[in-house]
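One structure is given here, and the rest of the page talks about it.
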Amino acid sequence: MTDTTLERALVVEPTETKRGWAGQSIPRKEDKRLVQGHGVFVDDVKRHGMGYLHFVRSPYAHAKVKSIDVSKALELGGVYGTLTGDEVAILTDPFFELSTPPGADMKDYALAVGKVRHMGEPVAAVVASSRDIARDAAELVEVEYEPLPVVVDAERAAEEGAPLLHEEAGSNVVWSGLFDWGDYDAALAEADQVVRIERLHFDRFSSTPLECSGAVVEYEKHTGQWTIFCNHQMPGIGAIWMGPALRCGLDKLRFVTHDIGGAFGNKICLHPQLTACCLLARKLNRPIQWTEWRTDQHMANSHGNERTFLDVEVPVRADGTMLGFKVRALDDCGAFPRYEPLGCIIWAQVTPGLYRWRNIRVDFTQVTTNKSPVGPNRGYSRMQHLWLTERIIDIVAHQLGLDPIEVRKRNYIRSEEMPYETPNGCVYDSGDYARCLDLVLGLINHEGIEERRRDAESRGKLLGFGIGSTLDSGTNNFGQSQLLNPDLQFSGNNEVATIKLDIFGEIVLTLGTVPQGQGHETVAAQVAADILGVSPDDIHVRPGHDSYWNTHAGLSGTYASQFAVTGLGAVKGATDLLADQIKRLAGVILGGVGKDAIMLEGGFAKIKDNPEAALPFMACGAIINANNAGLPPELDDVTLNCRYVFRPRFEVPDKERKYGNLTLTYANQIHACVLEIDKETGVPVIVDYAAVDDCGIRIHPQIVEGQVHGAAAQGLGAALHESFPYDEEGTLLTANFYDYHVPHALDMPPFKTESIESPSPFTPLGAKGMGEGGGAGIHAVCAAIQDALRGAGGAIVYDSCNPAHRIWELMREPEKSRSLVSVEERS
Amino acid sequence: MREKTIKVEVNGDLYEREVESRRLLVHFIRDDLELTGTHIGCDTGNCGACTVLYNGDAIKSCMMLAVQADGASIDTVEGLARDGELHPIQQAFSETHALQCGYCTPGMLMSAKYLLDSNPNPSEPEIRKAIQGNICRCTGYVNIVEAIQRAAGHD
Chain A
10 MTDTTLERAL
20 VVEPTETKRG
30 WAGQSIPRKE
40 DKRLVQGHGV
50 FVDDVKRHGM
60 GYLHFVRSPY
70 AHAKVKSIDV
80 SKALELGGVY
90 GTLTGDEVAI
100 LTDPFFELST
110 PPGADMKDYA
120 LAVGKVRHMG
130 EPVAAVVASS
140 RDIARDAAEL
150 VEVEYEPLPV
160 VVDAERAAEE
170 GAPLLHEEAG
180 SNVVWSGLFD
190 WGDYDAALAE
200 ADQVVRIERL
210 HFDRFSSTPL
220 ECSGAVVEYE
230 KHTGQWTIFC
240 NHQMPGIGAI
250 WMGPALRCGL
260 DKLRFVTHDI
270 GGAFGNKICL
280 HPQLTACCLL
290 ARKLNRPIQW
300 TEWRTDQHMA
310 NSHGNERTFL
320 DVEVPVRADG
330 TMLGFKVRAL
340 DDCGAFPRYE
350 PLGCIIWAQV
360 TPGLYRWRNI
370 RVDFTQVTTN
380 KSPVGPNRGY
390 SRMQHLWLTE
400 RIIDIVAHQL
410 GLDPIEVRKR
420 NYIRSEEMPY
430 ETPNGCVYDS
440 GDYARCLDLV
450 LGLINHEGIE
460 ERRRDAESRG
470 KLLGFGIGST
480 LDSGTNNFGQ
490 SQLLNPDLQF
500 SGNNEVATIK
510 LDIFGEIVLT
520 LGTVPQGQGH
530 ETVAAQVAAD
540 ILGVSPDDIH
550 VRPGHDSYWN
560 THAGLSGTYA
570 SQFAVTGLGA
580 VKGATDLLAD
590 QIKRLAGVIL
600 GGVGKDAIML
610 EGGFAKIKDN
620 PEAALPFMAC
630 GAIINANNAG
640 LPPELDDVTL
650 NCRYVFRPRF
660 EVPDKERKYG
670 NLTLTYANQI
680 HACVLEIDKE
690 TGVPVIVDYA
700 AVDDCGIRIH
710 PQIVEGQVHG
720 AAAQGLGAAL
730 HESFPYDEEG
740 TLLTANFYDY
750 HVPHALDMPP
760 FKTESIESPS
770 PFTPLGAKGM
780 GEGGGAGIHA
790 VCAAIQDALR
800 GAGGAIVYDS
810 CNPAHRIWEL
820 MREPEKSRSL
830 VSVEERS
Chain B
16 MREKTIKVEV
26 NGDLYEREVE
36 SRRLLVHFIR
46 DDLELTGTHI
56 GCDTGNCGAC
66 TVLYNGDAIK
76 SCMMLAVQAD
86 GASIDTVEGL
96 ARDGELHPIQ
106 QAFSETHALQ
116 CGYCTPGMLM
126 SAKYLLDSNP
136 NPSEPEIRKA
146 IQGNICRCTG
156 YVNIVEAIQR
166 AAGHD
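Residue numbers (this note's numbering), protein chains in the order written: chain A, 10 to 836; chain B, 16 to 170.
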């Protein structure tokens, strides 16, 4: 019935405490199809008579669209039709914006209407009988542009007189606001020293999933319904965007996903492209297939938020205790806000980082520029902010001659303080950061670091050691959106699961989540199997998501580190309901005993005191579904088909004070990096690397470790290679994998991991969402580079991305970066 | 558009098809033969998701035209398992959690097969070199390297 061939429980780590199937690294249900090439990814889906869509994209970063002529394209044999911005403006309404004005007034459509605002923005779409003909035809579409001045720099965009992207808004500013918690001025007055950092820059990159975005969209004339087979990772929100734009109810938008080739947040903002597909499916009366090209994904899908931190100020006591910080944060969201300005609040989930800082003032502004729109990217918005907190720690330590390990331990929130309320009302549920730090130091043999430094020196290398601490906050309270815009009607969170027992004893579990490699089928089966007393092999988990199945809610999806809480919370809730119904039914059938006298074991409902009296699940399923005459009325509500919506307990945050609990769980990771820098060339090589993870109770330790590996690899890529730089005309310089260098197998260092488990007191299984701790890799590499350069001019690492050429610049002109930092002595 | 008839053996089966001269081998495999296990992850020959064996050699099938494969023997991921039994490399990938989303996996498996066919006992650096043309965004390669080491033990 299911995909695995599992016969027995596997013991992977002998020391581990067993809690049934949950907690064991069993083989993944997904693997059998995926290793044989039998997965169903979006580009594998075909429909009779489908047309292939190709977008005509702007070569300019900023230009008026004077005219579009599709006549030559339509004359080409095999072309089925076209769509232009003029049609889109008539047939749809702009997508709703989350922001208050000015961002609220920015108009965003499925295709450019009137002007283009970034290179690669779709201005028209062509549909043809093959991909090649569609591409040929796209070249025949004649677009007349009138180029406009370009702005690619966030600080410039925020200035008066800068080129304006959205005339309707009257400003490039999307959103701005002040966050002020504790008493920053008092903290400043109390300081013995004040460290100031003029500017730090978190670079623009993205996780670039290997599978690009795509869809096959069908339109049913008789119902007016679109079926959107796609790889959107958050279909609930996608539908909320698309329904009003297409002027239809959500019942008309059926989202289906199956296997997804990685997403990492980058597949949340697909509503413009999917809306274009919907319009063409209706217009041309045929299924529309769209698969994004790699170059398209890099130019115009969604990048991670680029953020500049200005005028950072850190009050410090003589003993190295930091009292908080003050900063002006300037976020660059590219040409359209889309999922933004949520990034203007998401960082506040981790306001003080891992530290006991009580006084924090953040003046936050987000602007548009003529670059690709941004969207959530693994570690979304928290990664940028946590990088700031880690830079603060290491720069302050550098300036004041403090040990980065000791200063962390002095300032870390302590395990005995958990649950810990942050200055802005978030509650860190559990954790022991200092212990994780000790473990990671052991893994990389920190005691021998000075000896290794001398050895490296003898070989012409500068050795550096750095720590990266990070929080992986999971299970959003969507109420935080109301801190940006009090009129938004989002709060709390939800996820759904349904489970049924069918006629021949089949147990079928359906999830609202949208997995992209996280092994949800396996992990959900573990949890359900423990409750029902069967093997995970006996649970058939439907792959993917389908909004036809009634197993979804408005916030369904896989994002923001929450499956282990919301997804599994829903699975547990639904399975508990099913177990209860089976017990009630069996109690009646087995002679009128109460449900509490029944246990579930080995596929049978048995009387606890007399296990010989047993009813097989197959009989339960058959009785209810096919053989139900004579059942007593007290079983009228027993369907053996149970749906559960998991809703974590959240309150709407206090909008005046911008105060409240924004996320339910806080996993943490502490990374340590040892690298060597070539003195001549600046080329860095990571020679030792370790990560210690604490995500509470692990349901499947091997999957957790895999997430740690993958997130760290993305962090290391972002720290050393991956960047989306633009030239002054707004041309992206890394539009494919030639120029955008992601880590290859030879780039990855030796990698050591360890875990501890601090159970969450707030979740059904003690588990925490995880998978987004990769930012620690960026923090650790930055710290290690700065440490390595201590003896070579003492440069300050001020950017999150440090390829060899930047390290070389830091070595060559150390005073340039050092001048960004100053210390005021107060005592 | 000019078309040409080609004969290609894929996973032991002989196919004769008319193809456009400009058709890429990967599109021929995926769209014409409907062997969709071979994936596409880039436009530039960098990612290796489309890796297949061409007369026993690992190649990126997006870097070759279908007409160039006339007369060739090609192996794709669909041909690895035999009689319902997974190939030891496939088994090792599952056991060591060497795949997450599974999108790079078919290409990765074919590169691994090429390596082990030509070098049954590769060192770790040899393994890393053999898969350097295959990008994985999920695993950081840690468990992929381990899987290939494990599969080498089985061979």
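Just so you know, even glycine gets a beta-carbon here, dropped at the ideal spot from N, CA and C.
Asked                                                                                                                          : Found
Which of helix, strand or coil DSSP assigns to E781(A)                                                                         : coil
Boundaries of the alpha helix (DSSP H) in which M627(A) is found, first to last residue                                        : 626 to 635
Beta-bridge partners of V336(A), as assigned by DSSP                                                                           : V371(A)
Extent of the continuous alpha helix (DSSP H) run through V7(A)                                                                : Outside the displayed span of chain A (10 to 836) sits residue 7(A), for which this structure offers no information.
Presumed contact (8 Å Cβ cut-off) between S88(B) and T53(B), rounded CB distance                                               : In fact, because the Cβ distance is near 15 Å, the residues do not count as touching under 8 Å.
Cβ-Cβ distance between G501(A) and R666(A) below 8 Å                                                                           : no
Cβ pair I401(A), V449(A) closer than 8 Å                                                                                       : no
Proximal residues to L411(A) (C-beta, below 8 Å), its chain only, five neighbours per side dropped                             : G329, V405
Any chain B beta carbon closer than 8 Å to F572(A)                                                                             : no
Alpha-carbon spacing of H241(A) relative to C116(B), whole angstroms                                                           : 14 Å
C-alpha gap between L838(A) and S180(A), whole angstroms                                                                       : Look at the range of chain A in this structure, 10 to 836, and you will see that residue 838(A) is not part of it.
8 Å Cβ cutoff met for C278(A) and P382(A)                                                                                      : yes
Within-8 Å CB hit, D170(B) to chain A                                                                                          : Summary for D170(B): the model assigns pLDDT 43, below 50, so the residue's position carries little reliability; its value from the coordinates is reported in the next sentence. D170(B) does not count as touching chain A.
Check whether T284(A) and M251(A) have beta carbons under 8 Å apart                                                            : yes
Whether N486(A) touches F659(A) by CB criterion (8 Å)                                                                          : yes
Chain-ordered chain B contacts of W302(A) [CB-CB under 8 Å]                                                                    : D58
Backbone CA spacing between K470(A) and L684(A) [nearest angstrom]                                                             : 9 Å
Cα-Cα separation between E227(A) and A82(A), rounded to whole angstroms                                                        : 23 Å
The stretch 140 to 163 of chain B: positions lying closer than 9 Å to chain A by Cβ                                            : P140, I142, R143, K144, A145, I146, Q147, G148, N149, I150, C151, R152, C153, T154, G155, Y156, V157, N158, I159, V160
Secondary structure of R97(B), DSSP reduced to three states                                                                    : strand
Sub-8 Å separation of T266(A) and G553(A) beta-carbons                                                                         : yes
L184(B) - partner residues in DSSP beta bridges                                                                                : Past the edges of chain B, shown from 16 to 170, lies residue 184(B), and the structure says nothing about it.
The ligand ADP heavy atom lying under 7 Å from the CB of L594(A)                                                               : Ligands displayed in this structure: none; no statement on the ligand ADP is therefore possible.
Proximal chain C residues relative to I269(A), where beta-carbon distance stays under 7 Å                                      : Looking at the structure shown, chain C is missing, and the protein chains on hand are A and B.
Distance between Y807(A) and L819(A) (C-alpha atoms, nearest Å)                                                                : 10 Å
Touch test, the stretch 69 to 89 of chain A against the stretch 116 to 133 of chain A, Cβ-Cβ under 8 Å, three pairs minimum    : yes
Local conformation of Y129(B) per DSSP, three classes                                                                          : helix
Cβ neighbours of E689(A) in the same chain (closer than 8 Å, five flanking residues each side left out)                        : G469
Endpoints, alpha helix (DSSP H) assigned at F108(B)                                                                            : 103 to 110
Three or more C-beta pairs below 8 Å linking the stretch 590 to 604 of chain A and the stretch 517 to 526 of chain A           : no
First and last residue of the uninterrupted alpha helix (DSSP H) at N420(A)                                                    : 413 to 420
Segment contact flag, the stretch 294 to 306 of chain A with the stretch 367 to 375 of chain A, C-beta cutoff 8 Å, min 3 pairs : no
Test: V6(A) CB closer than 8 Å to a CB of chain B                                                                              : What the structure shows of chain A is the stretch from 10 to 836, and residue 6(A) is not part of that stretch, so it cannot be assessed.
The alpha helix (DSSP H) enclosing R593(A), as first and last residue numbers                                                  : 577 to 598
Min CB distance D546(A) to chain B below 8 Å                                                                                   : no
G528(A) versus V82(B) - alpha carbon distance                                                                                  : 39 Å
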